[in-house]
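S.K.: All the letters of the sequence shown, read from the start, carry residue numbers 595 to 649 under our numbering.
The structure that follows is given in the form of structure tokens.
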Amino acid sequence: MFDPAIFQERFRTIERVFAWEDKFKRLLLRFERISKLHYALKTLAYTMINFRHFC
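Here you go:
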């Protein structure tokens, strides 16, 4: 059931996305006191990451 090649690819992909997330300085430290605003900024960051990578 466990395939090391699939694990390696998924691990690399996840680590890459976390590295891209670190480029958004506002998300490195949580300045927002309202959790909904922080969630909205994270959603915006992941949307921008997907647009850059896939479009």
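Using N, Cα and C, we set each Cβ at its ideal position, and we do this for glycine too.
Classify GLU626 as helix, strand or coil using the three-state DSSP reduction.
M.R.: coil
S.K.: Compute the beta-carbon to beta-carbon distance between LEU621 and ALA639, rounded to the nearest angstrom, for a pair I have assumed lies under 8 Å.
M.R.: 6 Å
S.K.: Using a Cβ-Cβ cut-off of 6 Å (strictly less than) and excluding sequence neighbours within five positions of PHE618, which residues of its own chain qualify?
M.R.: Cβ-Cβ distances below 6 Å link PHE618 to ALA639 in the same chain, with the five nearest sequence neighbours on each side left out; the list follows chain order.
S.K.: Tell me whether PHE601 sits in a helix, a strand or coil according to DSSP, three-state version.
M.R.: helix
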